[in-house]
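Reading through the structure tokens given below for one structure.
Here you go:
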């Protein structure tokens, strides 16, 4: 089992920045991929960014050049640095972890709200 706890959400004006953190605990050595999904009201869940245990990153096109995902293995924490935020980035952001290669996700955090005002 893996437990994930997100932090760092909040309210920010358009053009501003936030950094989300996701701290993992439990069977962390089984984690293959970690990342972030987001879901806005009335919209489908969207994969925002991911990072593999080998450091390979992936981003949805809409955040490329603005968001950066990184990991600190010593702290078992993944970060999502979000710059140049737009109102369209407003959503609940969920951290996830994959322990079975090929799965889209195996464990979720409870989510953290990000609100970008115009």
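Residue numbers (my numbering): 5 to 122.
Every residue gets a Cβ at the ideal spot worked out from N, C-alpha and C, and that includes glycine.
As the structure is a prediction and not an experimental result, all values here were calculated from the model.
Test item: CB-CB of residue 103 and residue 110 under 8 angstroms: Position 99 of the chain shown, counting from 1, holds the residue named residue 103. Position 106 of the chain shown, counting from 1, holds the residue named residue 110. Their beta carbons are under 8 angstroms apart, which means residue 103 touches residue 110 by this criterion.
Assuming residue 67 and residue 53 form a contact by the criterion Cβ under 8 angstroms, report the distance between their Cβ atoms to the nearest whole angstrom. Taking the chain shown and counting its residues from 1, the one referred to as residue 67 is at position 63. Taking the chain shown and counting its residues from 1, the one referred to as residue 53 is at position 49. At roughly 7 angstroms, the Cβ-Cβ gap stays under 8 angstroms, so residue 67 and residue 53 are in contact.
Sequence-distant residues of the same chain with beta carbon closer than 8 angstroms to residue 31, five excluded per side: Working through the chain shown from its first residue, we reach residue 31 at position 27. So the qualifying residues of the chain are 5, 6, 103.
Per the DSSP calculation, residue 56 is bridged to which residue(s)? To locate residue 56, count along the chain shown from 1; it is residue 52. In the DSSP output, where bridge partners are listed per residue, residue 56 has 37.
For residue 6, does the three-state DSSP call read helix, strand or coil? As a working note, residue 6 is residue 2 in the chain shown. Strand at residue 6.
So what does DSSP say about residue 66, is it helix, strand or coil? Counted from its first residue, the chain shown places residue 66 at position 62. It is helical.
Output the distance between the C-alpha atoms of residue 50 and residue 65, rounded to the nearest integer angstrom. Translated into positions along the chain shown, residue 50 becomes position 46. Translated into positions along the chain shown, residue 65 becomes position 61. Spanning the alpha carbons of residue 50 and residue 65 requires a straight line of approximately 11 angstroms.
Neighbour-count burial assignment, residue 71, 16 or more Cβ in a 10 Å radius: Reading the chain shown from its first residue, position 67 is the one you call residue 71. Burial call: buried.
Within its chain, find whatever has a CB closer than 7 angstroms to the CB of residue 95; leave out the 5 residues flanking it on each side and keep chain order. For the purposes of this step, residue 95 is taken as the residue at position 91 of the chain shown. If we look at residue 95 and ignore the five residues flanking it on each side, its Cβ neighbours are 42, 43, 44, 118.
What separation, rounded to the nearest whole angstrom, lies between the Cα atoms of residue 91 and residue 46? In the chain shown, residue 91 corresponds to position 87, counting from 1. In the chain shown, residue 46 corresponds to position 42, counting from 1. Annotation: residue 91 to residue 46 spans about 15 angstroms, alpha carbon to alpha carbon.
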